[in-house]
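*Asks:* Attaching a single structure in structure tokens format; questions to follow.
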Amino acid sequence: FRSRLLPLYSGPEVEIRIGNGPVFRVSEKLFSNKSTYFRSMFGGSFVESATHSAVMSEIEGCVSVNSFRLLVQWIYIGRVEFEVLRSPEAMISRAIEFARLASMCDVRGVERHAADRIVEVIKQFPAPNTSFGVRSPNANTFHLTHQHIEWATQLPKGHPVRGVLAAASVEGYMRQKEFRFYDEVTSNGSFAMDVLEELRNVLMQHGDMVYTDPFTSNVFRLLSD
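Position 175 of the sequence shown, counting from 1, maps to 175 under the UniProt record's numbering, and the rest follow consecutively.
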């Protein structure tokens, strides 16, 4: 294993600049091995292949200096260290950015790590209880934003980050008539499908749930299989 891996870290380097920001010097072999995006960029007929350099335009919620730093960490060592930022919202944004950049560059294996980071932030910074001292319906969505939903639904269907945001929304959707992301549910078909799937997962965990047919008024059990 070691003899196969070490050559990827040696050899020629390429320069990648993010917008007008700093230049990253990285192993061409390693990046090409881990990403079909960079393999095409530096191994094909593009100008970047001849100049051994590239500029990636910044994309809000996806390509940034910070998300690229995380991508470099992942490609080189197979793990990332998420920073503690100024707010829970910013930390969730960073995880979504990283997931989207990795997806864009076809770098595999980061999906669950990004999703787990969001879960960690949600658990670490819970919403305060209501004025009656009971759990808030927004307990899991307190630090989620409309922008988070928009960014996450641009990830591929089935991506764990999409699943986490949808799962976090189920409680509020069921307990509140004016759910805070109601507009997203009604206007964003991808998010609506994610929430519906997570809601189904929750309901099917309980075999004693029943369903009343609105047309016949017959009552059926919701089976877990």
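Glycine included, each C-beta is placed from N, C-alpha and C at the ideal position.
#1: Short check: CB of PHE24 to CB of PHE68, under 9 Å?
#2: Can you list, in chain order, the stretches of the beta strand (DSSP E) that have 3 or more residues and sit fully within the stretch 1 to 82?
#3: Measure the C-alpha to C-alpha separation of ILE16 and ARG94 and round it to an integer number of angstroms.
#4: In chain order, what residues of the same chain have a beta carbon less than 7 Å from the beta carbon of GLU58, not counting five sequence neighbours either side?
#5: Are there 16 or more other CB atoms within 10 angstroms of the CB of TYR211, so buried, or fewer, so exposed?
#6: Are the beta-carbon atoms of CYS62 and GLU97 separated by less than 9 Å?
#7: Along the chain, where does the beta strand (DSSP E) that runs through VAL219 open and close?
#8: Can you tell which of SER169, THR153, GLU150 has its C-alpha closest to the C-alpha of VAL119?
#9: Is it buried or exposed, LEU5, if we count other Cβ atoms within 10 angstroms and call 16 or more buried?
#10: Only counting the same chain, and skipping five residues up and downstream in sequence, which positions put a Cβ closer than 8 Å to that of ARG2?
#11: Report all residues from its chain with a CB closer than 8 Å to the CB of GLY78; omit the five preceding and five following residues, and keep chain order.
#12: Within the same chain, show all residues whose beta-carbon is closer than 8 Å to that of ASP208, passing over the 5 residues directly before and after it, in chain order.
#13: From this set, VAL107, ALA139, SER131, which residue's C-alpha is nearest ILE122's C-alpha?
#14: With a 10 Å radius around its C-beta and 16 neighbouring C-beta atoms as the bar for buried, classify SER87 as buried or exposed.
#15: Within 10 Å of its beta-carbon, does PHE179 have 16 or more other beta-carbons around it, so buried, or fewer, so exposed?
#16: At which residues does the beta strand (DSSP E) containing VAL210 begin and terminate?
#17: Determine the DSSP secondary structure at TYR136, reduced to helix, strand or coil.
#18: In angstroms with no decimal places, state the Cα-to-Cα distance between ALA192 and SER103.
*Replies:* Inspection of the coordinates gives the following:
#1: Their beta carbons are under 9 Å apart, which means PHE24 touches PHE68 by this criterion.
#2: The DSSP assignment places 13 to 18, 23 to 27, 53 to 56 as complete runs of the beta strand (DSSP E) inside the stretch 1 to 82, in order along the chain (cut-off: 3 residues).
#3: Approximately 20 Å between the Cα atoms of the pair.
#4: Only ILE18, GLY19, SER64 meet the Cβ criterion.
#5: When all chains shown are included, TYR211 counts as exposed.
#6: Here CYS62 is near GLU97, since their CB atoms are less than 9 Å apart.
#7: VAL219 -> beta strand (DSSP E) spans 219 to 221.
#8: Across the set SER169, THR153, GLU150, the C-alpha of SER169 shows the shortest separation from the C-alpha of VAL119.
#9: Low confidence applies to LEU5: its pLDDT is 43, below 50, so where it sits in the model is not reliable enough to give any reading.
#10: Below a pLDDT of 50, predicted positions are generally treated as unreliable, and ARG2, at 36, falls in that range; the measurement from the model is reported next regardless. Nothing meets the Cβ criterion.
#11: Excluding positions up to five away in sequence, the list reads GLY109.
#12: Residues of the same chain with a CB within less than 8 Å of the CB of ASP208, apart from the 5 flanking positions on each side, are ARG221 in chain order.
#13: Closest in C-alpha terms to ILE122, from the list VAL107, ALA139, SER131, comes ALA139.
#14: Exposed.
#15: So PHE179 counts as buried.
#16: VAL210 -> beta strand (DSSP E) spans 210 to 212.
#17: According to the sequence shown, residue 136 is Ser rather than Tyr. SER136 sits in coil when the DSSP states are folded into three classes, being neither helix nor strand.
#18: Distance from the CA of ALA192 to the CA of SER103, rounded to the nearest whole angstrom, comes to 21 Å.
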